[in-house]
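Residues are numbered in our numbering as their position in the sequence shown, beginning at 1, plus a constant of 2. Glycine is no exception: its CB is placed at the ideal position from the N, C-alpha and C atoms. Notes for the one structure printed next.
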Amino acid sequence: MSRRKKFVLLGATGSIGESTLRVLRKHPDKLELLGVSANQQEEKLRTIVHEFQVPHAHLGTSPKNPEAFSSATTLSSGSSNLNALASHDDADVVVVAIVGSAGLGPTLAALNAGKDVVLANKESLVVGGKLVTEAARKSGARIIPADSEHNAIHQCLLGQEDRALDSIILTASGGAFRDLPIDKLKDVSLEQALQHPNWSMGPKVTIDSATMANKGLELIEAHWLFGLPPGKMEVVIHPPSIVHAMVRFIDGCCLAQLSPPSMTFALQNALLFPERHHGVEKSLDFSANLNLSFTPPCEQRYPCLRLAKQSLAQGGCFPLGFNAANEVAVDAFRMNRIGFVQISNIIDATLNKLNAIEPLTIDELHLLDSQIRETAETVVNSLN
Ligand code: NAD
Ligand code: MG
Numbered sequence: 003m004s005r006r007k008k009f010v011l012l013g014a015t016g017s018i019g020e021s022t023l024r025v026l027r028k029h030p031d032k033l034e035l036l037g038v039s040a041n042q043q044e045e046k047l048r049t050i051v052h053e054f055q056v057p058h059a060h061l062g063t064s065p066k067n068p069e070a071f072s073s074a075t076t077l078s079s080g081s082s083n084l085n086a087l088a089s090h091d092d093a094d095v096v097v098v099a100i101v102g103s104a105g106l107g108p109t110l111a112a113l114n115a116g117k118d119v120v121l122a123n124k125e126s127l128v129v130g131g132k133l134v135t136e137a138a139r140k141s142g143a144r145i146i147p148a149d150s151e152h153n154a155i156h157q158c159l160l161g162q163e164d165r166a167l168d169s170i171i172l173t174a175s176g177g178a179f180r181d182l183p184i185d186k187l188k189d190v191s192l193e194q195a196l197q198h199p200n201w202s203m204g205p206k207v208t209i210d211s212a213t214m215a216n217k218g219l220e221l222i223e224a225h226w227l228f229g230l231p232p233g234k235m236e237v238v239i240h241p242p243s244i245v246h247a248m249v250r251f252i253d254g255c256c257l258a259q260l261s262p263p264s265m266t267f268a269l270q271n272a273l274l275f276p277e278r279h280h281g282v283e284k285s286l287d288f289s290a291n292l293n294l295s296f297t298p299p300c301e302q303r304y305p306c307l308r309l310a311k312q313s314l315a316q317g318g319c320f321p322l323g324f325n326a327a328n329e330v331a332v333d334a335f336r337m338n339r340i341g342f343v344q345i346s347n348i349i350d351a352t353l354n355k356l357n358a359i360e361p362l363t364i365d366e367l368h369l370l371d372s373q374i375r376e377t378a379e380t381v382v383n384s385l386n
């Protein structure tokens with residue numbers, strides 16, 4: 003039997019973290035958990051450490067009850083220690099399941115150390131796509147996409163020549179308000195925005211799905227992963243979330259990847275890549291009445307998608323600006339400071355104030371990111 007793959011799971015207490023742990027429970031003979039991290043959920047982290055006997059754990063905040071962790075576990079906190087865990091000598095793979103641009107530093111640390119990265123954290127590519135892809139190229143480490151659409155494309159492209167690829171098509175569920183009359187969007191509540199029709203996910207990505215900022219971030223993510231220009235990437239609304247993405251080849255043929263709407267499929271595929279093994283959950287049942295419809299998204303309903311496309315076309319710091327403004331706006335919506343439709347207004351107003359510059363280093367990028375967040379905060383305050 004081959005050696006177990008040792009992996010570090012950053013963001014272990016979140017939704018992607020939980021799905022990754024389901025894959026580990028299914029394949030304890032193939033995978034070994036070397037380290038885990040969480041931002042604040044100390045008890046949940048301790049439960050995970052206990053269940054899987056994890057030797058290294060990291061908490062974003064300083065631990066309140068460190069003595070409750072087993073003495074066999076090294077417990078750390080602070081961002082430099084998170085980067086150290088992400089680049090641990092013994093790790094074969096690092097799963098980045100952190101939410102938001104906080105995923106960038108650890109992703110870079112892992113890639114710089116030559117560690118393969120299973121990437122769920124799309125924001126790191128949106129914010130630092132150039133730095134991240136260069137780090138992978140220099141060290142020879144692989145970025146294996148775990149976002150379901152990008153994992154689907156990764157699967158469809160296996161064994162194909164680069165020159166054969168024409169374009170990609172990302173599917174989107176349309177989120178919580180796909181069927182709501184547009185004039186009612188201004189009255190929706192946070193609770194309603196958190197009800198995704200198909201997927202069970204963390205709060206930020208669920209709200210991003212309702213605005214389709216998520217699909218916008220995914221277009222930018224796909225640009226960096228697959229090297230495609232904006233004109234070669236389409237988005238279609240596909241309500242059942244069964245076809246995760248499609249690839250169109252130059253001969254006109256399209257390939258699609260299908261599986262039920264649960265992240266265990268993409269995560270197992272990425273984590274055990276290039277091997278395939280029995281899945282955590284049942285495959286699709288084609289004897290049921292599957293309706294695989296595809297329709298173009300309505301621009302009026304999803305202004306965030308247009309803004310994301312615009313930021314990708316502008317390039318430079320604009321995708322970073324889109325992401326920073328979106329993170330600030332989503333936080334403000336979650337704190338009841340703004341209404342749902344104002345999320346796109348805040349992104350738009352923030353991007354309009356942005357000068358076209360390109361941050362070249364991680365420090366320049368962090369500085370610009372915090373400046374843009376300040377601008378977005380000012381816009382939020384001006385609406386109150
Ligand atoms: P979540 O909110 O459920 O979990 C986030 C995790 O990141 C938690 O473990 C939290 O402790 C940690 N974290 C939060 N802020 C942090 C910080 N500042 N520093 C370090 N760690 C921090 O989020 P999620 O839904 O699991 O999403 C994680 C990422 O995966 C996001 O980028 C999301 O877009 C992407 N993604 C999620 C899904 C899904 O089904 N949930 C699907 C595709 C892609
Ligand atoms: Mg996705």
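For residue i, which of helix, strand or coil comes out of DSSP?
i	result
Lys7	strand
Leu397	This structure cannot settle anything about residue 397, because the visible part of the chain is limited to 3 through 386.
Cys255	coil
Glu151	helix
Met337	coil
Thr63	coil
Ala14	coil
Asp164	helix
Ile222	helix
Ile145	strand
His156	helix
Glu277	coil
Val238	strand
Val330	helix
Ile244	coil
Ser82	helix
Ser175	coil
What are the boundary residues of the beta strand (DSSP E) that includes residue i?
i	result
Glu34	Leu33 to Ala40
Val382	Not the beta strand (DSSP E): Val382 falls in the alpha helix (DSSP H), residues Ile364 to Leu385.
Thr76	Thr76 to Ser79
Leu121	Asp118 to Leu121
Glu283	Where Glu283 is concerned, there is no enclosing beta strand (DSSP E), given that its DSSP letter is neither H nor E.
Quick one: is residue i buried, meaning 16 or more other Cβ sit within 10 Å of its Cβ, or exposed?
i	result
Leu369	exposed
His156	buried
Met3	Any reading at Met3 must be qualified, since the residue scores a pLDDT of 49, below 50, and its modelled position is unreliable; the value itself is stated next. With fewer than 16 other Cβ atoms within 10 Å, it is exposed.
Lys117	buried
Ile18	buried
His225	buried
Ile184	exposed
Ala74	exposed
His90	buried
Asn271	buried
Cys306	buried
Gln197	exposed
Gln194	exposed
Met337	exposed
List the endpoints of the continuous alpha helix (DSSP H) containing residue i.
i	result
Val207	Pro205 to Thr213
Thr22	Ser17 to Lys28
Val128	Lys124 to Ser141
Ile389	Residue numbering for the chain in the displayed model covers 3 to 386; residue 389 lies beyond these limits and cannot be assessed.
Glu193	Leu192 to Ala195
Ile100	Careful: Ile100 lies outside any alpha helix (DSSP H) and carries neither H nor E.
Asp350	Gln344 to Asn354
State the Cα-Cα distance for the pair residue i and residue j, rounded to the nearest angstrom.
i	j	result
Thr363	Ala137	12 Å
Val382	Leu172	31 Å
Asn357	Ala327	14 Å
Ser372	Met214	24 Å
Tyr304	Glu236	15 Å
Ala315	Lys66	46 Å
Asp253	Gln162	12 Å
Gly131	Ile145	12 Å
Leu310	Ala70	Note on identity: in this sequence residue 310 is Ala, with Leu being the wrong assignment. Rounded to the nearest angstrom, the two C-alpha atoms are 44 Å apart.
With a threshold of 9 Å between beta-carbons, can residue i be considered close to chain B, or not?
i	result
Arg180	Checking the listed chains, one finds no chain B in this structure; it contains a single protein chain.
Margin query: Give me the pocket residues for the ligand MG, defined as CB within less than 7 Å of any heavy atom, sorted by chain position.
Written below: With the cut-off at 7 Å, the residues found are Asp149, Ser150, Glu151, Asn216 and Glu220.
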